[in-house]
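S.K.: Got a structure here, written out as C-alpha coordinates. Questions coming.
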Amino acid sequence: MTKNSVLVVGFLLLVAFGCKTAKKVQTIQSAITRKDTAQTVVISEAPKVDSAAIVKDLVSRVAKNKIDFSTFNAKVKVTYESSENSDNYTAYLSMQKDSIILIKIAGKFLGISKVGLETKITKDSVVLVKLVQGASVSYRSISYLQDVTQIPFDFNTLQDLIIGNPVFIDGNIVSYKNTPSQLLVLMVGDLFKHLLSIDNNSGRILHSKLDDADLQRNRTCDITFNNYQPLGNYQFAAYRKISVAEKSKLDIYLDFKEFSLNEPLKYSFEIPKRIKRK
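Numbering-wise, this note's numbering puts 1294 at position 94 of the sequence shown, and it's gapless, one number per residue.
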(Lines of atoms letter the chains of each structure in order from A and count residues from 1; the text may use other names and numbers.)
(Lines give C-alpha, C1' and ligand atoms only; values in the text may rest on other atoms or scores of the structure.)
Protein backbone atom coordinates (compact mmCIF):
# COMPACT_ATOMS: atom_id res chain seq x y z
CA MET A 1 0.00 0.00 0.00
CA THR A 2 1.44 3.35 -1.05
CA LYS A 3 2.31 6.21 1.24
CA ASN A 4 -0.45 8.31 -0.31
CA SER A 5 -3.05 5.62 0.37
CA VAL A 6 -2.00 5.69 4.03
CA LEU A 7 -2.46 9.47 3.96
CA VAL A 8 -5.95 8.94 2.59
CA VAL A 9 -6.68 6.61 5.48
CA GLY A 10 -5.26 9.24 7.81
CA PHE A 11 -7.82 11.73 6.63
CA LEU A 12 -10.61 9.21 6.94
CA LEU A 13 -9.32 8.05 10.31
CA LEU A 14 -9.46 9.85 8.87
CA VAL A 15 -10.75 11.54 7.01
CA ALA A 16 -14.87 19.57 8.42
CA PHE A 17 -17.58 25.57 9.00
CA GLY A 18 -23.55 35.59 7.79
CA CYS A 19 -24.34 38.03 9.90
CA LYS A 20 -25.43 41.70 10.07
CA THR A 21 -22.39 43.93 10.27
CA ALA A 22 -21.94 45.81 13.52
CA LYS A 23 -19.72 48.37 11.83
CA LYS A 24 -19.03 49.59 8.35
CA VAL A 25 -17.62 47.00 5.99
CA GLN A 26 -14.77 45.00 7.56
CA THR A 27 -12.31 43.50 5.06
CA ILE A 28 -10.26 40.34 5.05
CA GLN A 29 -6.72 41.44 4.26
CA SER A 30 -5.09 38.66 2.35
CA ALA A 31 -2.96 37.90 -0.69
CA ILE A 32 -2.63 34.77 -2.75
CA THR A 33 0.83 33.33 -3.18
CA ARG A 34 1.82 30.20 -5.07
CA LYS A 35 3.72 27.65 -3.05
CA ASP A 36 4.86 24.59 -4.94
CA THR A 37 1.67 23.36 -6.66
CA ALA A 38 -0.77 24.74 -4.08
CA GLN A 39 -2.27 28.14 -3.53
CA THR A 40 -2.10 29.43 0.02
CA VAL A 41 -3.76 32.41 1.62
CA VAL A 42 -1.15 34.50 3.40
CA ILE A 43 -2.84 36.65 6.00
CA SER A 44 -1.78 40.18 6.81
CA GLU A 45 -2.33 40.56 10.53
CA ALA A 46 -4.99 43.11 11.45
CA PRO A 47 -6.12 44.53 14.80
CA LYS A 48 -8.86 42.51 16.43
CA VAL A 49 -12.28 43.84 15.52
CA ASP A 50 -15.16 44.34 17.90
CA SER A 51 -16.62 40.99 16.96
CA ALA A 52 -19.03 40.10 19.75
CA ALA A 53 -22.06 40.28 17.44
CA ILE A 54 -20.26 38.37 14.71
CA VAL A 55 -19.12 35.64 17.07
CA LYS A 56 -22.60 35.28 18.53
CA ASP A 57 -24.18 34.93 15.11
CA LEU A 58 -21.42 32.63 13.81
CA VAL A 59 -21.65 30.32 16.81
CA SER A 60 -25.43 30.17 16.60
CA ARG A 61 -25.30 29.32 12.90
CA VAL A 62 -22.63 26.67 13.33
CA ALA A 63 -24.35 25.17 16.40
CA LYS A 64 -27.68 25.02 14.56
CA ASN A 65 -26.14 23.06 11.69
CA LYS A 66 -23.74 20.87 13.68
CA ILE A 67 -24.69 17.23 13.30
CA ASP A 68 -25.34 15.38 16.55
CA PHE A 69 -25.44 11.59 16.42
CA SER A 70 -25.02 8.38 18.37
CA THR A 71 -23.87 6.24 15.41
CA PHE A 72 -22.97 6.88 11.78
CA ASN A 73 -22.48 4.46 8.86
CA ALA A 74 -21.22 5.35 5.40
CA LYS A 75 -19.85 4.06 2.12
CA VAL A 76 -17.44 6.54 0.55
CA LYS A 77 -15.71 6.71 -2.80
CA VAL A 78 -12.24 8.09 -2.09
CA THR A 79 -10.02 9.51 -4.82
CA TYR A 80 -6.59 11.02 -4.32
CA GLU A 81 -4.30 12.87 -6.67
CA SER A 82 -0.70 13.85 -6.02
CA SER A 83 2.23 14.98 -8.13
CA GLU A 84 3.42 11.35 -8.12
CA ASN A 85 0.29 9.33 -8.82
CA SER A 86 -3.44 8.96 -8.29
CA ASP A 87 -5.79 6.18 -7.26
CA ASN A 88 -9.24 5.51 -5.89
CA TYR A 89 -10.67 3.35 -3.14
CA THR A 90 -13.96 2.55 -1.46
CA ALA A 91 -14.15 3.17 2.28
CA TYR A 92 -16.72 1.46 4.51
CA LEU A 93 -17.12 3.35 7.76
CA SER A 94 -18.93 2.86 11.06
CA MET A 95 -18.62 5.34 13.91
CA GLN A 96 -19.98 5.45 17.45
CA LYS A 97 -19.82 8.94 18.88
CA ASP A 98 -16.96 9.62 21.32
CA SER A 99 -16.10 5.92 21.33
CA ILE A 100 -14.93 4.13 18.18
CA ILE A 101 -14.35 4.57 14.43
CA LEU A 102 -14.10 1.50 12.18
CA ILE A 103 -12.89 1.76 8.57
CA LYS A 104 -12.36 -0.78 5.81
CA ILE A 105 -10.52 0.29 2.66
CA ALA A 106 -11.22 -1.66 -0.54
CA GLY A 107 -9.50 -1.24 -3.89
CA LYS A 108 -7.50 -3.09 -6.53
CA PHE A 109 -4.47 -4.67 -4.92
CA LEU A 110 -2.22 -6.85 -7.08
CA GLY A 111 -4.93 -6.67 -9.74
CA ILE A 112 -7.62 -8.06 -7.43
CA SER A 113 -10.51 -6.04 -6.00
CA LYS A 114 -10.60 -6.66 -2.25
CA VAL A 115 -10.40 -5.08 1.20
CA GLY A 116 -6.76 -4.25 1.73
CA LEU A 117 -6.74 -2.29 4.98
CA GLU A 118 -8.86 -2.19 8.12
CA THR A 119 -8.50 0.11 11.08
CA LYS A 120 -10.02 0.72 14.49
CA ILE A 121 -9.64 4.08 16.20
CA THR A 122 -10.54 4.81 19.80
CA LYS A 123 -9.93 7.83 22.03
CA ASP A 124 -6.34 6.77 22.71
CA SER A 125 -5.32 4.19 20.10
CA VAL A 126 -5.18 3.24 16.43
CA VAL A 127 -5.03 -0.39 15.23
CA LEU A 128 -4.09 -0.91 11.57
CA VAL A 129 -4.51 -4.28 9.85
CA LYS A 130 -2.83 -4.59 6.46
CA LEU A 131 -4.29 -7.48 4.46
CA VAL A 132 -2.25 -7.25 1.26
CA GLN A 133 1.40 -7.07 0.20
CA GLY A 134 2.68 -8.50 3.46
CA ALA A 135 -0.17 -8.89 5.94
CA SER A 136 0.50 -7.34 9.34
CA VAL A 137 -1.12 -5.57 12.28
CA SER A 138 0.19 -2.42 13.92
CA TYR A 139 -0.79 -0.88 17.25
CA ARG A 140 -0.31 2.88 17.59
CA SER A 141 -1.30 5.67 19.92
CA ILE A 142 -3.83 8.25 18.79
CA SER A 143 -0.90 10.57 18.03
CA TYR A 144 -0.32 8.44 14.92
CA LEU A 145 -3.05 10.48 13.23
CA GLN A 146 -0.93 13.57 13.65
CA ASP A 147 2.17 11.79 12.43
CA VAL A 148 0.42 10.60 9.25
CA THR A 149 -1.46 13.78 8.34
CA GLN A 150 0.86 16.36 9.90
CA ILE A 151 -2.25 18.03 11.30
CA PRO A 152 -3.13 18.04 15.03
CA PHE A 153 -5.97 15.53 14.90
CA ASP A 154 -7.42 13.98 18.01
CA PHE A 155 -10.41 11.64 18.14
CA ASN A 156 -13.01 14.38 18.49
CA THR A 157 -11.55 16.41 15.62
CA LEU A 158 -11.52 13.33 13.43
CA GLN A 159 -15.15 12.39 14.06
CA ASP A 160 -16.20 15.98 13.36
CA LEU A 161 -14.26 15.94 10.10
CA ILE A 162 -15.92 12.69 9.02
CA ILE A 163 -19.46 13.77 9.89
CA GLY A 164 -18.88 17.20 8.32
CA ASN A 165 -18.86 19.40 11.41
CA PRO A 166 -16.51 22.41 11.62
CA VAL A 167 -13.02 21.95 13.04
CA PHE A 168 -10.43 24.39 14.41
CA ILE A 169 -12.78 27.36 14.91
CA ASP A 170 -11.43 28.41 18.31
CA GLY A 171 -9.32 31.36 17.13
CA ASN A 172 -9.86 35.08 17.57
CA ILE A 173 -11.78 36.84 14.80
CA VAL A 174 -9.48 39.47 13.28
CA SER A 175 -11.55 40.47 10.25
CA TYR A 176 -14.66 39.58 8.31
CA LYS A 177 -16.58 40.43 5.17
CA ASN A 178 -20.30 40.13 4.64
CA THR A 179 -21.54 39.70 1.07
CA PRO A 180 -25.10 39.12 -0.18
CA SER A 181 -24.44 35.38 -0.38
CA GLN A 182 -21.64 34.57 2.09
CA LEU A 183 -20.08 35.54 5.38
CA LEU A 184 -16.27 35.31 5.29
CA VAL A 185 -14.58 35.18 8.69
CA LEU A 186 -10.85 35.18 9.37
CA MET A 187 -9.78 33.64 12.69
CA VAL A 188 -6.27 33.35 14.09
CA GLY A 189 -5.53 30.68 16.68
CA ASP A 190 -2.40 29.20 18.22
CA LEU A 191 -1.91 26.74 15.35
CA PHE A 192 -3.85 28.00 12.33
CA LYS A 193 -5.14 31.02 10.51
CA HIS A 194 -8.62 29.95 9.48
CA LEU A 195 -10.66 31.52 6.69
CA LEU A 196 -14.23 30.27 6.96
CA SER A 197 -17.01 30.75 4.38
CA ILE A 198 -20.64 30.33 5.47
CA ASP A 199 -23.74 30.55 3.28
CA ASN A 200 -25.78 33.51 4.48
CA ASN A 201 -29.14 31.93 3.71
CA SER A 202 -28.72 28.39 5.04
CA GLY A 203 -25.84 28.78 7.49
CA ARG A 204 -24.08 25.86 5.79
CA ILE A 205 -20.30 25.70 5.68
CA LEU A 206 -19.04 26.17 2.14
CA HIS A 207 -15.30 26.35 2.52
CA SER A 208 -12.61 26.15 5.20
CA LYS A 209 -8.99 27.14 4.64
CA LEU A 210 -6.37 26.48 7.30
CA ASP A 211 -2.87 27.97 7.06
CA ASP A 212 -0.10 27.57 9.60
CA ALA A 213 0.19 30.40 12.06
CA ASP A 214 3.90 29.56 12.00
CA LEU A 215 5.00 30.74 8.54
CA GLN A 216 8.09 28.54 8.77
CA ARG A 217 5.86 25.49 8.29
CA ASN A 218 4.15 26.69 5.09
CA ARG A 219 1.45 24.10 5.66
CA THR A 220 -2.09 24.54 4.36
CA CYS A 221 -5.31 22.52 4.37
CA ASP A 222 -8.21 23.52 2.16
CA ILE A 223 -11.66 21.90 2.58
CA THR A 224 -14.65 22.49 0.28
CA PHE A 225 -18.15 21.20 1.11
CA ASN A 226 -20.69 20.41 -1.61
CA ASN A 227 -23.82 18.39 -2.44
CA TYR A 228 -25.68 18.89 0.83
CA GLN A 229 -28.35 16.25 1.37
CA PRO A 230 -30.86 15.49 4.15
CA LEU A 231 -29.54 13.31 6.97
CA GLY A 232 -32.19 12.97 9.65
CA ASN A 233 -32.92 16.51 10.81
CA TYR A 234 -29.61 17.78 9.40
CA GLN A 235 -28.00 18.69 6.10
CA PHE A 236 -24.97 16.55 5.25
CA ALA A 237 -22.16 17.51 2.86
CA ALA A 238 -22.05 14.38 0.71
CA TYR A 239 -19.13 15.59 -1.41
CA ARG A 240 -15.90 17.14 -0.15
CA LYS A 241 -12.53 18.07 -1.49
CA ILE A 242 -9.55 18.21 0.87
CA SER A 243 -6.31 19.70 -0.42
CA VAL A 244 -3.18 19.49 1.70
CA ALA A 245 0.13 21.10 0.86
CA GLU A 246 3.48 21.74 2.46
CA LYS A 247 6.37 20.63 0.27
CA SER A 248 3.96 19.04 -2.21
CA LYS A 249 0.24 18.92 -2.80
CA LEU A 250 -2.26 16.11 -2.22
CA ASP A 251 -5.92 16.34 -3.25
CA ILE A 252 -8.46 13.98 -1.64
CA TYR A 253 -12.05 13.72 -2.87
CA LEU A 254 -14.70 12.15 -0.62
CA ASP A 255 -17.94 11.17 -2.36
CA PHE A 256 -20.40 9.68 0.16
CA LYS A 257 -22.51 7.12 -1.71
CA GLU A 258 -24.40 5.82 1.33
CA PHE A 259 -24.83 7.33 4.80
CA SER A 260 -27.14 6.90 7.77
CA LEU A 261 -27.48 8.12 11.37
CA ASN A 262 -28.33 6.34 14.60
CA GLU A 263 -28.57 2.80 13.26
CA PRO A 264 -26.63 -0.25 14.50
CA LEU A 265 -22.99 -0.26 13.45
CA LYS A 266 -22.84 -1.84 10.02
CA TYR A 267 -19.16 -2.80 9.91
CA SER A 268 -17.09 -4.75 12.42
CA PHE A 269 -13.39 -5.17 13.16
CA GLU A 270 -11.58 -8.41 13.82
CA ILE A 271 -7.89 -9.22 13.47
CA PRO A 272 -7.34 -12.48 11.57
CA LYS A 273 -5.43 -14.99 13.69
CA ARG A 274 -2.91 -15.66 10.92
CA ILE A 275 -1.66 -12.07 10.93
CA LYS A 276 1.35 -11.28 13.04
CA ARG A 277 1.99 -8.10 14.95
CA LYS A 278 4.38 -5.71 13.30
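Where a beta carbon is used, it is the ideal one built from N, C-alpha and C, also for glycine.
Quick caveat: nothing in here was measured; it's all calculated off a predicted structure.
1. Take D1412 as the anchor and find which of S1448, I1305, L1302, G1389 has the nearest alpha-carbon.
2. So, at 8 Å on beta carbons, what are the nonlocal neighbours of S1341 in its own chain, with the 5 sequence-adjacent residues on each side left out?
3. With DSSP as the reference, label K1330 as helix, strand or coil.
4. Given a cut-off of 7 Å on the beta-carbon distance, is the pair R1477 and V1315 in contact?
5. If contacts are defined as beta-carbon pairs under 8 Å, then I1300 and T1322 qualify, I think. What distance do you get, rounded to the angstrom?
6. Only counting runs of 4 or more residues, tell me where the alpha helix (DSSP H) segments fall wholly within the segment 1270–1300, in order along the chain.
7. Can you find at least 3 beta carbon pairs, one from the segment 1382–1402 and one from the segment 1441–1451, that sit closer than 8 Å?
8. Can you give the Cα-Cα distance for V1269 and K1297, rounded to whole angstroms?
9. Considering Cα atoms alone, identify which of R1474, Y1467, P1472, P1352 is closest to K1275.
10. Could you name the residues that DSSP lists as bridge partners for K1377?
11. Hey, out of L1415, T1420, D1422, P1380, whose CA is closest to S1402's CA?
12. With respect to 6 Å, is the separation between the Cβ of E1281 and the closest non-hydrogen atom of the ligand HEM below this value?
13. What span of residues does the alpha helix (DSSP H) with Q1359 cover, start to end?
14. Can you name the residues that DSSP bridges to F1392?
15. Rounded to whole angstroms, what's the CA-CA distance from K1409 to N1273? Just pull it up for me.
16. Tell me which same chain residues have a C-beta within less than 6 Å of the C-beta of F1459, skipping the five on either side of it?
17. Taking the alpha-carbon positions, what's the P1472 to D1287 distance?
18. Spell out the partners DSSP gives E1458 in its beta bridges.
19. If you run the structure through DSSP and keep just helix, strand and coil, what is R1419?
20. Please classify E1284 as buried or exposed, where buried requires at least 16 other C-beta atoms within 10 Å of its C-beta.
21. Considering only C-alpha positions, which residue in the set I1303, D1354, Q1435, D1347 is nearest to V1329?
M.R.: According to the structure shown:
1. G1389
2. D1324, S1325, V1326
3. strand
4. no
5. 6 Å
6. none
7. no
8. What sits at residue 1269 in the sequence shown is Phe, not Val. F1269 and K1297: Cα-Cα distance of roughly 7 Å.
9. Y1467
10. L1384
11. P1380
12. Ligands are entirely absent from the displayed structure, and the ligand HEM is therefore not among its contents.
13. 1355–1363
14. D1412
15. 27 Å
16. A1274
17. 27 Å
18. K1275
19. coil
20. exposed
21. I1303
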